[in-house]
Amino acid sequence: MRNVGRNDPCPCGSGLKYKKCCLGREETSSPSGLHEEIFSDVREAMKGKQFASREEAQVFLNGFVQQRNSAPRDEFHGLSSDQMNGILYYPFDSPELVTFPSCLDTQPSAPILTLFQLLAEAIGDQGLKPTATGNLPRKFLREAGLAYWGEVGYQKHTQFGNIRTETDLYDMHVTRIVAELAGLVRKYKGKFILGRDCRKLLGERGMAGIYPRLLRTYAEEFNWGYRDGYPEIDFIQRSFLFTLYLFHRYGGDWRPSGFYEDAFLRAFPIVLKEVPPISYSTPEKEARNCYSWRCLKGFAEFLGLVEIEQESDDLFERRFKLKKLPLLNEAVLFHV
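Taking the numbering used here, the leading residue of the sequence shown gets 423, the next gets one more, and so forth.
Here is the structure:
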């Protein structure tokens, strides 16, 4: 067991890299929980067996771990530990598990695309002059807010004050950041302009060519925690593809957000250790709220992958149900 590499899948079957899981526990404490489970299984598998050398025993152990890690696991909803390792650490480089088309077959629809199109049209061929602080101009933001929210929505969102800065239309603020990270929009000679690739994609493929760039950038480069006041909990973003896999399997029917929260925490109970102590809440409740807001709404709904219906407007426990939209099956092609 000591021959496992730091970057190999952990023998305990968590789907995490060894250095992120049991390596630290081996170095600081005796085995416990899931870590103890594998040693128990090893002892059972080796019962009554005779080995001529240490090397022969190691070969047997390596085979046992490989077989264990390639078997489907209930907590991963049919995925094996090896597959989970690919989903967590190589989401865009595991073609045996999933592929992401570089261009979609149909023109997609999503909140982020609505905002990007408004931004691209405003930039046009002449560019869009930013404010002195480098943000999008107020006039454009107010026009975009009205187009994005509609008249009734605009009145609701601005009842305590009109749009004054870019962050007052926060979804556009996020869209602009993601578009810049994706190389679709940039600043040149004091103006926002569309990148060369962006103009080419828009001209040849429209939003069907733009969307995959935004999806990958939002998943890989944009910091999800930037959008909310929850603790970092980086693992929520790292596991984005597992959540999409859950939608792929179960999203055909309306399901409560709690269904996906349960699946996430059952698969990755270790995430509770990322939640700092909070006097007014528990680590589990904080992780659940963060996951639902950051992954289900901030990612999946904003990218047009799921439809959400609110079931409760309680300020401290907003509950909703969701199901997948056709765009998920076009933009993310699972092979498992």
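Don't be surprised by glycine CBs; every beta carbon is placed ideally from N, CA and C.
Asked, Found
"Beta carbon of Met594 nearer than 8 Å to that of Glu588", "yes"
"Reduced DSSP secondary structure (H/G/I, E/B, other) of Pro748", "helix"
"Run of the beta strand (DSSP E) containing Lys609, from where it starts to where it stops", "Val607 to Tyr610"
"Burial state of Tyr648, where buried means 16 or more other Cβ atoms lie within 10 Å", "exposed"
"Per-residue DSSP class, three states only, for Lys439", "strand"
"Where Arg635 falls, given that 16 or more other Cβ within 10 Å makes a residue buried", "buried"
"Neighbour-count burial assignment, Pro581, 16 or more Cβ in a 10 Å radius", "The residue asked about is misnamed: residue 581 is Gln in this sequence, not Pro. Exposed, because fewer than 16 other Cβ atoms sit within 10 Å of the Cβ of Gln581."
"CB-CB length for Phe498 against Ala689, believed under 8 Å", "6 Å"
"Check whether Leu492 and Ser502 have beta carbons under 8 Å apart", "Per the sequence presented here, residue 492 reads as Ser, with Leu not at that position. Going by C-beta atoms, Ser492 is nearer than 8 Å to Ser502."
"Euclidean distance between Cα positions of Arg564 and Glu573", "11 Å"
"Three or more C-beta pairs below 8 Å linking the region 597 to 614 and the region 547 to 567", "yes"
"Contact the region 624 to 631 vs the region 683 to 703: 3+ CB pairs below 8 Å", "no"
"Leu535 versus Cys525 - alpha carbon distance", "14 Å"
"Simplified DSSP assignment, three categories, for Phe644", "coil"
"Residue interval of the beta strand (DSSP E) (run including Leu616)", "Lys613 to Leu616"
"Continuous alpha helix (DSSP H) stretch holding Glu683: start and end", "Ser679 to Ala689"
"For Glu731, the three-state DSSP class (helix, strand or coil)", "strand"
"Identified DSSP bridge partners for Leu591", "Per DSSP, none; premise fails for Leu591."
"Per-residue DSSP class, three states only, for Pro533", "helix"
"C-beta atoms of Gly549 and Lys613 nearer than 8 Å", "yes"
"Residue nearest to Arg638 in terms of C-alpha spacing, selected from Val754, Gln480 and Gly500", "Val754"
"Under 8 Å between C-beta atoms of Leu694 and Pro705", "yes"
"Distance between beta carbons of Tyr570 and Leu616, contact taken as under 8 Å", "Not quite, the Cβ-Cβ distance comes to about 19 Å (not below 8 Å), so this is no contact."
"Through-space distance from Gln659 to Leu687, alpha-carbon basis", "14 Å"
"Proximal residues to Pro513 (C-beta, below 6 Å), its chain only, five neighbours per side dropped", "Leu663"
"DSSP bridge partner residues for Ser502 (one or two, in chain order)", "Pro494"
"Environment of Ala474 [buried if 16+ CB atoms lie within 10 Å]", "exposed"
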